[in-house]
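Q: Attaching a single structure in structure tokens format; questions to follow.
Protein chains: 2
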Amino acid sequence: MPTNKPAAQPAAKKKPQVTPSPERRRELLDTAAEVFAAQGYNATTVRKIADAAGMLAGSLYYHFDSKESMLDEILSAFLTELWDGYDAVLAAGLGPRETIEALVTESFREIDRHRAAVAIYQKESRTLSAQPRFHYLSDSQVKFEKAWLGTLERGVAAQVFRADLDIRLTYRFVRDTVWVAASWYRPGGQHSPDEIARQYLSMVLDGIALRPT
Amino acid sequence: MPTNKPAAQPAAKKKPQVTPSPERRRELLDTAAEVFAAQGYNATTVRKIADAAGMLAGSLYYHFDSKESMLDEILSAFLTELWDGYDAVLAAGLGPRETIEALVTESFREIDRHRAAVAIYQKESRTLSAQPRFHYLSDSQVKFEKAWLGTLERGVAAQVFRADLDIRLTYRFVRDTVWVAASWYRPGGQHSPDEIARQYLSMVLDGIALRPT
DNA sequence: TCACTTCCCTAACAAGTGTTTGGTAGGTTA
DNA sequence: TAACCTACCAAACACTTGTTAGGGAAGTGA
Chain A
559 MPTNKPAAQP AAKKKPQVTP SPERRRELLD TAAEVFAAQG YNATTVRKIA
609 DAAGMLAGSL YYHFDSKESM LDEILSAFLT ELWDGYDAVL AAGLGPRETI
659 EALVTESFRE IDRHRAAVAI YQKESRTLSA QPRFHYLSDS QVKFEKAWLG
709 TLERGVAAQV FRADLDIRLT YRFVRDTVWV AASWYRPGGQ HSPDEIARQY
759 LSMVLDGIAL RPT
Chain B
559 MPTNKPAAQP AAKKKPQVTP SPERRRELLD TAAEVFAAQG YNATTVRKIA
609 DAAGMLAGSL YYHFDSKESM LDEILSAFLT ELWDGYDAVL AAGLGPRETI
659 EALVTESFRE IDRHRAAVAI YQKESRTLSA QPRFHYLSDS QVKFEKAWLG
709 TLERGVAAQV FRADLDIRLT YRFVRDTVWV AASWYRPGGQ HSPDEIARQY
759 LSMVLDGIAL RPT
């Protein structure tokens with residue numbers, strides 16, 4: 559991080575006297591997210607983002623106060639929407655199997671809508687969550703694990719899921735199978751998010767081996 | 559890439575008149591791989607690598623001629639070993655199901671031995687393979703897909719695997735479930751690579767849902 | 001017309017980047 | 001002893017990085 563930060567004047571937090579339009583911000587964040595996802599956060603220079611947006615590097619700072627802020631907004635906006643969906647599912651009082659099905663389906667829908675943000679999250683969250691500013695990533699991950707692991711345990715107790723598997727391994731298995739899809743998924747492909755979810759669930763729940771009838 | 563490269567003198571490729579020991583190179587590559595895996599290639603400075611190795615940045619250039627060369631050696635060494643294992647499996651003439659089982663088991667063993675290299679590969683291969691120098695990553699990926707997809711198709715034809723699934727989706731499913739494990743796997747954990755492979759195979763082949771007997 | 005706001009540009013900055021060059025301590029060989 | 005080699009250090013280099021300061025063009029409202 560170059561340039562010396564201005565020592566944080568006491569009662570004068572840096573509040574620029576300008577008011578960028580939220581719509582333009584969203585536009586810029588979307589292109590920034592694409593570049594971040596494609597090249598990786600660290601390999602992405604603000605000049606590349608500016609290029610993709612058709613402007614010069616310095617101009618970005620009219621809308622955002624740092625490159626890190628852009629990343630922050632991208633990730634937190636995504637997580638907020640994600641949890642809106644998840645919380646709705648978890649509050650619906652479904653059985654374990656139905657909850658898993660709903661969570662997986664919801665996840666693929668989020669991948670469809672926030673492909674770039676998901677890809678960034680996957681690549682960078684582990685290193686970012688060490689930073690205090692991105693601690694909410696850890697919080698989210700804990701909540702995430704609680705929701706999925708809890709559902710799996712409920713399922714084992716209800717004899718809906720197999721009891722002979724390491725539950726933690728199962729959790730990671732299900733979680734990863736879903737979210738890595740963001741690395742190859744392209745919206746507008748031949749499968750809709752719901753169709754992908756259906757097939758994934760079929761594989762995860764019943765396996766890919768042919769059952770002797 | 560800073561500094562102007564010396565214009566590539568015609569008959570004088572840069573061949574230093576020194577002979578670093580291969581053992582020391584391996585040591586340094588191992589620590590470099592750890593740092594790359596932990597921080598990401600781009601976020602890793604040569605000074606960080608040197609720190610981890612207990613020396614100064616410039617000293618690395620006695621052993622390697624660039625940061626990129628280190629990455630190159632790490633990845634190509636890993637892929638060479640990986641394909642040694644895979645080729646042996648593929649040449650064994652096993653049935654489709656047994657081939658998949660052997661490939662998955664072999665993969666987890668590779669993850670156990672080359673955890674850092676696998677993590678780097680996962681994070682960076684997509685962007686790297688665009689560079690001519692790392693084209694072998696694409697080649698490997700093509701060969702990889704051919705081996706796995708071919709085995710799955712054989713299995714469907716032999717009525718060992720389900721025919722009602724999109725085979726391409728299945729391929730990505732199996733591939734991803736295996737390799738993302740590198741992101742959380744730590745050697746010396748409570749499960750051996752073979753045990754993890756066993757449970758993973760059980761999930762992938764038979765599913766996590768409890769079957770009514 | 002003037003004042004004001006929004007949005008971008010120009011031009012620079014200081015720190016950090018990968019890399020090179022020349023030197024040197026310590027060991028081995030003759 | 002001298003010559004040589006290995007493995008590192010010290011110090012710089014050219015360039016890139018995120019960021020800032022000042023300015024200006026175009027539009028809006030009075």
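So the protein sequences, as listed, match chains A and B.
All letters in the first sequence, in the order written, are residues 559 to 771 by our numbering.
All letters in the second sequence, in the order written, are residues 559 to 771 by our numbering.
Backbone N, C-alpha and C fix where the C-beta goes; we use that ideal spot for every residue, glycine too.
Since the structure is predicted, the reported quantities are computational estimates derived from the model, not experimental observations.
Answer with yes or no whether the minimum CB distance from residue 636 (chain B) to chain A is below 9 Å.
A: no
Q: If you measure from the beta carbon of residue 719 (chain B) to each beta carbon in chain A, is any gap under 9 Å?
A: yes
Q: Measure from the alpha carbon of residue 640 (chain B) to the alpha carbon of each residue in B:654, B:653, B:660 and B:688, then state which is nearest.
A: Comparing Cα positions, the closest option is B:660.
Q: Would you list the one or two residues that DSSP bridges to residue 719 (chain B)?
A: A:767
Q: At the 9 Å Cβ level, is residue 757 (chain B) part of the contact set with chain A, yes or no?
A: yes
Q: Is residue 752 (chain B) helix, strand or coil by DSSP?
A: In this structure, DSSP gives residue 752 (chain B) a helical state, which the three-state scheme calls helix.
Q: Once DSSP output is grouped into helix, strand and coil, what is the label at residue 684 (chain B)?
A: helix
Q: Contact check, residue 740 (chain B) vs residue 669 (chain B) under 8 Å by CB: the rounded distance?
A: Indeed, because the Cβ distance is near 5 Å, the residues count as touching under 8 Å.
Q: State the Cα-Cα distance for the pair residue 696 (chain B) and residue 578 (chain A), rounded to the nearest angstrom.
A: 43 Å
Q: Between the segment 726–743 of chain B and the segment 738–754 of chain A, do three or more beta carbon pairs fall short of 8 Å?
A: yes
Q: The alpha helix (DSSP H) with residue 621 (chain A) in it runs from where to where?
A: 618–621
Q: Helix, strand or coil: which one does DSSP assign to residue 740 (chain B)?
A: helix
Q: Taking the alpha carbon of residue 656 (chain B) as the reference point, which residue from B:716, B:743 and B:637 has its own alpha carbon closest?
A: Here the closest residue by C-alpha is B:716.
Q: For residue 636 (chain B) versus residue 599 (chain B), is the C-beta spacing smaller than 9 Å?
A: The answer is no: Cβ separation not under 9 Å.
Q: Out of B:688, B:704, B:744 and B:653, point me to the one whose CA is closest to residue 718 (chain B)'s CA.
A: B:653
Q: Within 10 Å of its beta-carbon, does residue 644 (chain A) have 16 or more other beta-carbons around it, so buried, or fewer, so exposed?
A: buried
Q: Kindly indicate which three-state DSSP category residue 564 (chain B) falls into: helix, strand or coil?
A: In this prediction, residue 564 (chain B) scores a pLDDT of 34, lower than 50, which makes its location untrustworthy; no coordinate-derived value is stated.
Q: Kindly indicate the opening and closing residues of the alpha helix (DSSP H) around residue 654 (chain A).
A: Following the DSSP letters along the chain, one finds residue 654 (chain A) inside the alpha helix (DSSP H) bounded by residues 654–671.
Q: Tell me the rounded alpha-carbon separation between residue 584 (chain A) and residue 621 (chain A).
A: Their backbone Cα atoms lie some 10 Å apart in a straight line.
Q: Along chain A, which residues have their Cβ under 8 Å away from the Cβ of residue 601 (chain B)?
A: 600 and 685
Q: Determine the burial state of residue 576 (chain B): buried for a count of at least 16 other Cβ atoms within 10 Å of its Cβ, exposed for fewer.
A: exposed
Q: Identify, in the order they occur along the chain, each residue of the same chain with its Cβ nearer than 7 Å to the Cβ of residue 617 (chain B), setting aside the five sequence neighbours on each side.
A: Closer than 7 Å at Cβ, skipping near neighbours: 608.
Q: Just the Cα atoms here: how many angstroms apart are residue 721 (chain B) and residue 767 (chain A)?
A: 9 Å
Q: For residue 760 (chain B), which option in A:765, A:703 and A:758 has the closest C-alpha, if you only look at C-alpha atoms?
A: A:765
Q: Have a look at residue 685 (chain B) and residue 700 (chain B) and give me their C-alpha separation to the nearest angstrom.
A: 16 Å
Q: Could you spell out where the alpha helix (DSSP H) holding residue 576 (chain B) opens and where it closes?
A: Careful: residue 576 (chain B) lies outside any alpha helix (DSSP H) and carries neither H nor E.
Q: For residue 690 (chain B) and residue 627 (chain B), I'd like the C-alpha separation in whole angstroms.
A: 13 Å
Q: Between the alpha carbons of residue 712 (chain A) and residue 662 (chain B), how many angstroms are there, rounded?
A: 29 Å
Q: Between the alpha carbons of residue 571 (chain B) and residue 623 (chain B), how many angstroms are there, rounded?
A: Note on residue 571 (chain B): pLDDT 34, under 50, position unreliable in the model; no value is reported.
Q: If you measure from the beta carbon of residue 592 (chain B) to each beta carbon in chain A, is any gap under 9 Å?
A: no
Q: Identify whether residue 572 (chain B) lies in helix, strand or coil by the three-state DSSP scheme.
A: Unreliable positioning characterises residue 572 (chain B) in this predicted model, as indicated by a pLDDT of 39, which lies under 50. The coordinate reading is nonetheless provided below. In the structure shown, residue 572 (chain B) sits in coil (DSSP, three-state: anything other than H, G, I, E or B).
Q: With 16 as the cutoff for other CB atoms within 10 Å, does residue 664 (chain B) come out buried or exposed?
A: buried
Q: Would residue 629 (chain B) count as contacting chain A if we go by Cβ distances under 9 Å?
A: With 9 Å as the cut-off, residue 629 (chain B) does not count as an interface residue toward chain A.
Q: Does the beta carbon of residue 760 (chain B) come closer than 9 Å to any beta carbon on chain A?
A: yes
Q: Looking at C-alpha atoms only, which residue of A:588, A:671 and A:642 is the closest neighbour of residue 750 (chain A)?
A: A:671
Q: With C-beta atoms as the reference, is residue 589 (chain B) less than 9 Å away from residue 611 (chain B)?
A: Yes, they are a contact pair.
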